[in-house]
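The structure appears below as structure tokens.
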Amino acid sequence: MAYIFLDESGDLGFDSKKKSSKYFVVTFLFVDNKGPVEKVIKKVARNLSKRELKKHVGVLHACKEKPKTIVKTLGLLNEKNISILSIYLNKSKVYTKLKDEKHVLYNYVSNILLDRIFTKKLIPLDSPITLVASRRETNKFLNNNFKNYLKQQVKNNHQLDIHVEIKTPESEKCLQAVDFICRAIYKKRELGDESYYNLISQRVIEESPLFP
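Set out below in structure tokens:
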């Protein structure tokens, strides 16, 4: 079984007056066995104080954690057999048409990452593949559209079947892991801060721009 976990950092807003981010980053974490990654999240959570756990409702969020917790999490993930693929989008270079179709743009970026994984055979293609995306929409129609679009693209381009799920970080601990990783890549691009990125850089297979 191959697992792919998807998360994003930044936003898809294009209004500079509302302090939108300069970059939007989408990241895939893929593993053959998700157990070791789940254990990392559980181990980090056990080391938090009861007060911190209560505040987090049992869920780790990279943007809310103390630096020592972020360093600990990324360091432990770096020790596991994981692979990372990421695309960063410089929003100033996005075509005007796509700016008005944010859901289409998000689906498009996600599919490009999937296509690269299959084209480069970065995961076993002869076993079941499950993609789990962190839920960013509550709209059932948009979520179904996202799942159906990716499944159809993979079927058309690679003659493969893929199971696509949308879950919350509460229900899928590996989404908490990819959240930390994606945030580290985002900070590198948005703020020029590579301190967290360097902790997992050796696990990054590819990090590339969408619109160079």
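Each residue of the sequence shown is one higher than the one before, starting from 16 at the first, in this note's numbering.
Positions of the beta carbon are idealized from the N, C-alpha and C atoms, including for glycine.
Sub-7 angstroms separation of residue i and residue j beta-carbons
i: P139; j: A17; result: yes
i: L104; j: V55; result: no
i: L13; j: V193; result: Past the boundaries of the shown model lies residue 13; the chain is included only from 16 to 227, so the question cannot be answered.
i: S25; j: Y201; result: First, the residue type needs correcting, since residue 25 is Gly and not Ser in the sequence shown. Going by C-beta atoms, G25 is nearer than 7 angstroms to Y201.
i: V179; j: K166; result: yes
i: I177; j: N158; result: no
i: Y211; j: I85; result: yes
i: V219; j: F20; result: no
i: E185; j: V52; result: no
Whole-Å CB distance - residue i paired with residue j, under 8 angstroms assumed
i: S149; j: D22; result: 5 angstroms
i: K34; j: K106; result: So it is not a contact: roughly 13 angstroms between Cβ atoms.
i: V124; j: V72; result: In fact, because the Cβ distance is near 29 angstroms, the residues do not count as touching under 8 angstroms.
i: E221; j: R131; result: 7 angstroms
i: L175; j: F133; result: 7 angstroms
First through last residue of the alpha helix (DSSP H) which encompasses residue i
i: A199; result: 188-206
i: A60; result: 50-61
Chain-order list of residues whose beta-carbon lies under 8 angstroms from that of residue i (same chain, five-residue window excluded)
i: I215; result: L89, L92, N93, I99, I196, A199
i: N160; result: H118, N122
i: I127; result: I102, L225
Close-in-space but distant-in-sequence residues of the same chain around residue i (CB under 7 angstroms, 5 per side omitted)
i: C78; result: R198
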